[in-house]
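*Asks:* Heads up: the sequence shown at position 443 corresponds to 449 in the working numbering, and the numbers run straight through without jumps.
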Amino acid sequence: MTVLYKMAREQLSKQYHYDWGLRSLNAVLRMAGVNKRKSPEISEAATLMRTLFDMNFPKFVFDDVPLFMGLIKDLFPGVDYPRVGYPDFNEAVKEVLLADGFIIIQKQMDKVQQLYETMMTRHSTMVVGPTGGGKTVVINTLIKAQTNMGLPTKCTVLNPKACSVIELYGFLDPSTRDWVDGLFSNIFREMNKPTDRDVSISFRAAIDSFPRRKIHAARGHPEESATDENPTCLCTHSTFQERRYVCFDGDVDALWIENMNSVMDDNKLLTLANGERIRLNSYCALLFEVGDLAYASPATVSRAGMVYLDPKNLGYVCYWERWLKGRYLEEQEMLQKTFSALVPAAIDYILEGVDGNNQEDPLELVIRQTNLNMVVQLCQFYDALFPMKTSACPHEEDVVECGFVQCVYLSLGAALLEESRSRFDGFVKRNLEMIAAEDTRESPATTGQLPTVKPTLFDYFFDIERKQWLAWEWVIPGYVHDATLHFSDILVPTMDTMKIEKILDLMNRVRRPVVLVGDPGTSKTAVISHFLRHLNRDSFVVLNINFSSRTSSMDVQKTIEAAVEKRTKDIFGPPVGKKLVTFIDDMNMPQVDNYGTQQPIALLKLLLEKEGMFDRTKDLSWKKFKDMSFLAAMGRAGGGRNEVDSRFISMFSVINIIFPNDSTLRHIYASILKGHLEPFAPDLGDNADKLIEMTLALFKTLVTKLPPTPSKFHYIFNMKDLSRIFAGLLQIHPSFFKETRHLVRVWRNEFARVICDRLINEQDQQFMEQQLGEQIMEQFPIPRSFRHTVQMEPAQQQQQQQQLQEGRLESRIKSAVVELSVAQYALRDPLLFGDYRNAVNPAEERYYEDLLDYEAIYFLFQEILMEYCEQRGKMNLVLFEDCLEHLTRVHRTLRMHR
7 MTVLYKMARE QLSKQYHYDW GLRSLNAVLR MAGVNKRKSP EISEAATLMR TLFDMNFPKF
67 VFDDVPLFMG LIKDLFPGVD YPRVGYPDFN EAVKEVLLAD GFIIIQKQMD KVQQLYETMM
127 TRHSTMVVGP TGGGKTVVIN TLIKAQTNMG LPTKCTVLNP KACSVIELYG FLDPSTRDWV
187 DGLFSNIFRE MNKPTDRDVS ISFRAAIDSF PRRKIHAARG HPEESATDEN PTCLCTHSTF
247 QERRYVCFDG DVDALWIENM NSVMDDNKLL TLANGERIRL NSYCALLFEV GDLAYASPAT
307 VSRAGMVYLD PKNLGYVCYW ERWLKGRYLE EQEMLQKTFS ALVPAAIDYI LEGVDGNNQE
367 DPLELVIRQT NLNMVVQLCQ FYDALFPMKT SACPHEEDVV ECGFVQCVYL SLGAALLEES
427 RSRFDGFVKR NLEMIAAEDT RESPATTGQL PTVKPTLFDY FFDIERKQWL AWEWVIPGYV
487 HDATLHFSDI LVPTMDTMKI EKILDLMNRV RRPVVLVGDP GTSKTAVISH FLRHLNRDSF
547 VVLNINFSSR TSSMDVQKTI EAAVEKRTKD IFGPPVGKKL VTFIDDMNMP QVDNYGTQQP
607 IALLKLLLEK EGMFDRTKDL SWKKFKDMSF LAAMGRAGGG RNEVDSRFIS MFSVINIIFP
667 NDSTLRHIYA SILKGHLEPF APDLGDNADK LIEMTLALFK TLVTKLPPTP SKFHYIFNMK
727 DLSRIFAGLL QIHPSFFKET RHLVRVWRNE FARVICDRLI NEQDQQFMEQ QLGEQIMEQF
787 PIPRSFRHTV QMEPAQQQQQ QQQLQEGRLE SRIKSAVVEL SVAQYALRDP LLFGDYRNAV
847 NPAEERYYED LLDYEAIYFL FQEILMEYCE QRGKMNLVLF EDCLEHLTRV HRTLRMHR
């Protein structure tokens, strides 16, 4: 046995949940003694072999199973290990799985049995494995199977990372010295209250059919084993009428789990901070459902039994088959045919880069996805696209095929980065038995055809009613400018926004959570906000939650509880007849603790999975929330944004928002700027395209020539910066901007404020100023008749401009200044724009305008300073030119709507 453990430690993979220490050896020896006493006719070698297998096999990952089996064979040559069988229990498990609509998979049933066997000898058991392995199903199946066999089993689920440690275990109030009970301490006390030990007649009858130990000499399934009349070692359960479990469904870390060590070991004792000691009774047990044990200490790992569920054992085909059974019989054959021809190969191509006999690089995903995530998203999209509203399938096979292909793009292809989408599109088209067709707006491709005019099938959608493939750009509605909207609320319809809103609408029909992932400024928030604004207010209530690095689970819970009302004693929800749609912006912003967990995400996982959460007041009761759905937006990890728990993300449909191309950006900003300039002089609107071209050209130069470095880590520019430039242009009024040169000059100011003000040294600033000047000169060249004014000194230009405003210039000089070219006028310094010229008079309307020079604003700030000193106390502030310039910049920033 020691040799086996030594070799296993050396040859098997290194996993956090593996334990080859003395505590594990001790457990094996004790269990081997029990088995030998129960079955004395079996040799010691066979008993030890069987015990080693039973106590270690459940915790192995997929790739370690054959290695361990080889070690067993080498160390016990010629010895067959008998297996324990529970035919009655297995039958109960099978009935539960069928009743819940699951496909019977022997490996999953084996895991239920392994969990059952582990809990025979351990009062603390950890069910470990990545998302998609079936951990929750295994635990729930065990509970239901025991209940059906006459042993009622109750399980209370909580996420220990959804609250702080003191909220979990309780604390002494420092001011009153009163004890404030914690969530777990309250649950633990309640579950350990005495139960009726008198066995009822019905339970005595159930004992006769309770799992009996079955032994067979040959390897095989437990059902094939021979009978042994000795009762199972779980016979002690027959003295109780029920079993009680606490399931910790969340990450295990060294902070909160260390307080559980005395409960998990043989002491079975929970000691609280107030001195109270609660013993874990024999009819109670602890369960831990966790993705991994990266932050658990070896002492914790050795105290618990381990059952590992590898997603490779479950796969995604079982979910597909279960879903397919719920669809119309008429479409099942076509769906299965298309699925088999396309989906398995596509998943292998995305995750492994396997294309037939060729090996390529895997495709890039915006966040990590499992094959099961993709198939679930595929089925959800199909349910939304083809709802089952009639008794028979109303669609023809070729319509079903085209609709399914579209769902493949919206699910398997939804999380792909832009560079990988063309590869995915080519792969899918190669594997489809559909004819390529030259499509046009007047003659679109129909069923059985693949449109080819647009680059990829991502650019199309299938119209079920018309039975045609239509390009998204063919159905984009025109933009109508609304001057009353803030810039952040404006959404210009594009191909991408149309597609995302369609996805949101489909997922809202089936109440599937959706998360949009993309770079900053790709309109994730704007698209979702636009979608929510157009929901029927008679049917939906909207709740917006903005996450930040300081957001806590308590903040989230209070916000959600404030948006719902009490329906019954413990059921909450929006007003009856309505559904609450919760939009979480910047979902991955909350701070990650030292053990890789985001507390708000832990709370949301409990809410989405169990449809409820515990009260955080003294009540500590379970609150169930009804009629809620979730939408979310977040950026890619990095730059203050964190990786989100994969178990939580698996509950969402993940959509990657790609950065718009140049033509889309031109369309967006031209629509907004031209719409705003409609009341202005006609020639101003005609120059909107030139401003956009200059902005995009300068932006490309900026990100190429001035990349972020360790000393310039904040040189990260994105589409939000482009939007801020044009948001500044929407502040101008026709009364103050009547000529093209006025427009170009204010554009220069907005670009300088958004971009140049972030540059930290003179060299970078001079470079961008030079590039900006070159762009203006290129788009608005100086005519020959104006070139004599180029030599005018800046001080002279300022003086003449001031005199021009005061009407003190001679007609000859006045004419020369008035006739400054667009480039000369735009490039004059200083560059001072603001709306505070009449700030000291609150009754007057304020307009964003060119403030011309320092002298004009000096007297204004001097007046404001004097008023401040009279009201707040004296402040010695010297208003030199740099100070005036920075005050103007700060004022502009504060006045901008955000």
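Just so you know, even glycine gets a beta-carbon here, dropped at the ideal spot from N, CA and C.
1. Restricting to Cα atoms, I'd like to know which of Q152, I590 and L330 is closest to I551.
2. Using beta-carbon positions only, say whether Y267 and R309 come within less than 9 angstroms of one another.
3. Using DSSP with H/G/I as helix, E/B as strand and the rest coil, what is W26?
4. F631 bridges to which residues according to DSSP?
5. In whole angstroms, what separates the C-alpha of D354 from that of G419?
6. Measuring straight from C-alpha to C-alpha, what distance separates L683 and L858?
7. Can you give me the Cβ contacts of I373 inside the same chain, cut-off strictly under 7 angstroms, excluding the 5 residues immediately before and after it?
8. Between L712 and F757, is the Cβ-Cβ spacing less than 9 angstroms?
9. Compute the Euclidean distance between the alpha carbons of V481 and L749, then round it to the nearest angstrom.
10. Roughly how many angstroms separate the alpha carbons of R515 and E327, rounded to a whole number?
11. What residues in its chain sit with their C-beta under 8 angstroms from that of V896, if we drop five residues either side in the sequence?
12. Once DSSP output is grouped into helix, strand and coil, what is the label at I766?
13. CA-CA distance, L841 and E861?
14. Cβ of L491 versus every heavy atom of the ligand GTP: is any distance shorter than 8 angstroms?
15. With a cut-off of 8 angstroms, do at least 3 Cβ pairs link the region 832-850 to the region 861-880?
16. Report the start-end ranges of each alpha helix (DSSP H) in the region 500-524 that is 4 residues or longer and not cut off at the edges.
17. What alpha helix (DSSP H) runs, 4 residues minimum, are completely inside the region 634-677?
18. At which residues does the beta strand (DSSP E) containing M132 begin and terminate?
19. Could you check how far apart the C-beta atoms of P64 and Y314 are, in whole angstroms? I think they sit under 8 angstroms.
20. Taking all protein chains shown into account, do 16 or more other C-beta atoms lie within 10 angstroms of the C-beta of L765, making it buried, or fewer, making it exposed?
21. Using only the alpha-carbon positions, how far apart do A829 and F839 sit?
22. What three-state label does DSSP hand Q365 in the structure shown?
23. Between the region 722-740 and the region 527-538, do three or more beta carbon pairs fall short of 8 angstroms?
24. Closer than 8 angstroms by C-beta to D925: which residues in its own chain qualify, once you throw out the five before and the five after it? Chain order, please.
25. Which residue comes first and which comes last in the beta strand (DSSP E) that contains G734?
26. Give, in chain order, every unbroken run of the beta strand (DSSP E) that is at least 3 residues long and sits entirely within the region 404-483.
27. Kindly give me the distance between the Cβ atoms of I534 and L463, rounded to whole angstroms, as I take these residues to be in contact under 8 angstroms.
28. By DSSP, does R556 sit in helix, in strand, or in coil?
29. Between A852 and the rest of its own chain, which residues show a CB-CB distance below 6 angstroms, the 5 nearest in sequence each way excluded?
30. Determine contact between the region 171-186 and the region 272-289, defined as no fewer than three beta-carbon pairs at a distance below 8 angstroms.
31. I want to know whether the region 360-375 touches the region 426-439 - three or more CB-CB distances under 8 angstroms.
32. Using a threshold of 9 angstroms, state whether the C-beta atoms of V186 and A151 are closer than that.
33. Quick check on this structure: which residue in S494, S130 and A98 has the alpha carbon closest to the alpha carbon of T147?
34. Would you call Q737 buried or exposed, if buried means 16 or more other Cβ atoms sit within 10 Å of its Cβ?
35. G188: which of M7, N847, A168 and G409 sits nearest, CA to CA?
36. For C290 and A305, what's the separation of their Cα atoms in angstroms?
*Replies:* Let me lay it out:
1. As a working mapping, residue 551 is identified with position 545 in the sequence shown. Sorting Q152, I590 and L330 by C-alpha distance to the C-alpha of I551 places I590 at the top.
2. Looking up residue 267 in the sequence shown gives position 261. Looking up residue 309 in the sequence shown gives position 303. Inspection of the sequence shows that residue 267 is occupied by Asn rather than by Tyr. Yes, they are a contact pair.
3. Start at 1 with the first residue of the sequence shown, and residue 26 comes out as number 20. In the structure shown, W26 sits in coil (DSSP, three-state: anything other than H, G, I, E or B).
4. Sequence index remark: in the sequence shown, residue 631 carries index 625 (1-based). DSSP lists F578 as the bridge partner or partners of F631.
5. Counting from one through the sequence shown, the residue named residue 354 turns up at place 348. Counting from one through the sequence shown, the residue named residue 419 turns up at place 413. Distance between the alpha carbons of D354 and G419: 13 angstroms.
6. For the purposes of this step, residue 683 is taken as residue 677 along the sequence shown, with counting starting at 1. For the purposes of this step, residue 858 is taken as residue 852 along the sequence shown, with counting starting at 1. Taking the straight line joining both Cα atoms gives about 23 angstroms.
7. Stepping through the sequence shown from its first residue, residue 373 is reached at position 367. A421, V523, I655 and V660, listed in sequence order.
8. On the sequence shown, residue 712 is found 706 positions in, with the first residue counted as 1. On the sequence shown, residue 757 is found 751 positions in, with the first residue counted as 1. Contact: no.
9. Translated into positions along the sequence shown, residue 481 becomes position 475. Translated into positions along the sequence shown, residue 749 becomes position 743. Their Cα atoms are separated by approximately 33 angstroms.
10. Walking along the sequence shown from the start, residue 515 turns up at place 509. Walking along the sequence shown from the start, residue 327 turns up at place 321. Straight across, the Cα-Cα distance linking R515 with E327 is about 23 angstroms.
11. To locate residue 896, count along the sequence shown from 1; it is residue 890. Within its own chain, no residue has a Cβ closer than 8 angstroms to the Cβ of V896 once the five positions on either side in sequence are excluded.
12. As a first step, residue 766 is located in the sequence shown; it is residue number 760 there, counting from the start. Look at I766 here: in three-state DSSP terms it is coil, with no helix or strand label.
13. To locate residue 841, count along the sequence shown from 1; it is residue 835. To locate residue 861, count along the sequence shown from 1; it is residue 855. Per the sequence presented here, residue 841 reads as Asp, with Leu not at that position. Taking C-alpha positions only, D841 is separated from E861 by approximately 16 angstroms.
14. The ligand GTP is absent from the structure shown, which contains no ligands of any kind.
15. Yes, the region 832-850 touches the region 861-880.
16. Unbroken alpha helix (DSSP H) stretches of 4 residues or longer found wholly inside the region 500-524: 501-515, given in chain order.
17. Inside the region 634-677, DSSP marks whole alpha helix (DSSP H) runs of 4 or more residues at positions 652-655, from first to last along the chain.
18. As a working note, residue 132 is residue 126 in the sequence shown. Counting along the chain, the unbroken beta strand (DSSP E) around M132 starts and ends at S130 to V134.
19. Position 58 of the sequence shown, counted from the start, is the residue given in the question as residue 64. Position 308 of the sequence shown, counted from the start, is the residue given in the question as residue 314. Rounded to the nearest angstrom, the Cβ distance from P64 to Y314 is 7 angstroms, consistent with a contact under 8 angstroms.
20. For the purposes of this step, residue 765 is taken as residue 759 along the sequence shown, with counting starting at 1. Answer is buried; the Cβ neighbour count reaches 16.
21. Residue mapping note: residue 829 aligns to position 823 of the sequence shown, counting from 1. Residue mapping note: residue 839 aligns to position 833 of the sequence shown, counting from 1. For A829 and F839, the distance between alpha carbons rounds to 18 angstroms.
22. Counting from one through the sequence shown, the residue named residue 365 turns up at place 359. Strand.
23. Segments in contact, yes.
24. In the structure as shown, the chain starts at 7 and stops at 904, and residue 925 therefore has no counterpart that could be examined.
25. By one-based count along the sequence shown, residue 734 stands at place 728. No beta strand (DSSP E) holds G734; the alpha helix (DSSP H) holding it covers M725 to L735.
26. If one requires a minimum length of 3 residues, the beta strand (DSSP E) runs lying completely within the region 404-483 are 441-443, 455-457, 466-469 and 474-477, in chain order.
27. If you number the sequence shown from 1, residue 534 lands on position 528. If you number the sequence shown from 1, residue 463 lands on position 457. In fact, because the Cβ distance is near 25 angstroms, the residues do not count as touching under 8 angstroms.
28. Counted from its first residue, the sequence shown places residue 556 at position 550. If DSSP states are grouped into helix, strand and coil, R556 belongs with coil.
29. Position 846 of the sequence shown, counting from 1, holds the residue named residue 852. The residue you asked about is not Ala; residue 852 is Arg in the sequence shown. Counting only Cβ-Cβ distances below 6 angstroms, and skipping sequence neighbours, we find D841.
30. Result yes; three or more Cβ-Cβ pairs closer than 8 angstroms.
31. The region 360-375 vs the region 426-439: in contact.
32. Residue 186 sits at position 180 when you count from the first residue of the sequence shown. Residue 151 sits at position 145 when you count from the first residue of the sequence shown. Not in contact: V186 and A151 (Cβ atoms no closer than 9 angstroms).
33. One-based indexing of the sequence shown puts residue 147 at position 141. Looking at the Cα atoms, A98 is the closest of the given residues.
34. On the sequence shown, position 731 is the one that residue 737 refers to. The residue is buried, with at least 16 neighbouring Cβ atoms inside 10 Å.
35. Taking the sequence shown and counting its residues from 1, the one referred to as residue 188 is at position 182. Measuring from the Cα of G188, the nearest candidate turns out to be A168.
36. Walking along the sequence shown from the start, residue 290 turns up at place 284. Walking along the sequence shown from the start, residue 305 turns up at place 299. Going from the Cα of C290 to the Cα of A305 covers about 22 angstroms.
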